[in-house]
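Residue numbers (my numbering): 723 to 985.
All residues carry an ideal CB built from backbone N, CA and C; glycine is no exception.
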DNA sequence: CGAGATGTTCGGCT
DNA sequence: AAGCCGAACATCTC
């Protein structure tokens, strides 16, 4: 499920636990989620620490605790963050639960494509600091997009939008939305899009900006008129021209677009 | 029952 | 050598 704005929404769910101590940590299976980590050691270190704050960037989140402890979460395809009562009993897919006096902070992920990382230090972990600048930041310029299109000349533009080092936080539905607004055929290769770089840049920023003002706030759907609303069913109609949307696998992902509006 | 799912990573081919 | 593609990961839902 989660792309940029949904990740921000999920991050805020644990705000309910701000300034409170963790009393107990429950780990449940899913060793894959903790790959490269030592969850048992960390579960022993966390009780007594307080949740001090958190941040989301791209599809990653980082939770900061006192005592210099940090927890990083990536939701993968089916990860979720939620809050349950203090007497919560973790279910099959609730892989990490941070109990507090008044509630339980829960991370679940049935498919286990997500990832949980632990870190101890005074500054955020290196993997966090190394994340690319947001597409809504001043560093994300039209020149950056133009360079990338040149370098990936033979890659389908749909696949290019999913490259996280260049378009951090953009996922499958946002990529389709961006291309629909920019009127670009998702099958086109980047090398043919030199003159469309500005539109692609502008719509990337716009889709992310508006998604952060809607989806991220309350998990509501994006605004009416967005391609989003027609891209799920096989027979949706283009909000602009009414033509039935096309469907194909591009860059290994299901892609929907309007054969008339997008060239 | 088979197909597909809003993501990443790895191995292999060009 | 870099870039690209397809498979794999694990489970649920339609």
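Item, Value
"Beta-carbon proximity check, residue 739 vs residue 798, cutoff 8 Å", "no"
"Cβ-Cβ distance between residue 896 and residue 933 below 8 Å", "yes"
"Cα-Cα separation, residue 862 to residue 734", "25 Å"
"Three-state secondary structure assigned by DSSP to residue 911", "strand"
"Spatial neighbours of residue 873 in its chain, beta-carbon cut-off 6 Å, leaving aside the 5 residues before and after", "none"
"Proximity to residue 754 [Cα-Cα], best of 839, 902, 920 and 848", "839"
"Terminal residues of the alpha helix (DSSP H) in which residue 979 lies", "No alpha helix (DSSP H) holds residue 979; the beta strand (DSSP E) holding it covers 975-979."
"Reference residue 841; option with closest CA among 889, 767, 807 and 977", "767"
"Rounded C-alpha distance that separates residue 765 from residue 759", "11 Å"
"Distance CB(residue 983)-CB(residue 905) smaller than 8 Å", "yes"
"Inter-stretch contact at 8 Å, needing at least 3 Cβ pairs: the stretch 736-752 / the stretch 949-957", "no"
"For residue 844 and residue 960, the rounded distance between their alpha carbons", "50 Å"
"Same chain, Cβ closer than 6 Å to residue 794, neighbours up to 5 away in sequence not counted", "784 and 839"
"Spatial neighbours of residue 881 in its chain, beta-carbon cut-off 7 Å, leaving aside the 5 residues before and after", "972 and 973"
"Boundaries (first-last residue) of the alpha helix (DSSP H) holding residue 896", "894-903"
"For residue 870 and residue 811, the rounded distance between their alpha carbons", "48 Å"
"Cβ neighbours of residue 962 in the same chain (closer than 6 Å, five flanking residues each side left out)", "983"
"Assigned secondary structure, residue 880 (DSSP; H/G/I helix, E/B strand, else coil)", "helix"
"Runs of beta strand (DSSP E) wholly within the stretch 774-825 (minimum 3 residues, chain order)", "782-787, 791-796, 802-807 and 816-821"
"Burial state of residue 948 (16 or more Cβ within 10 Å)", "buried"
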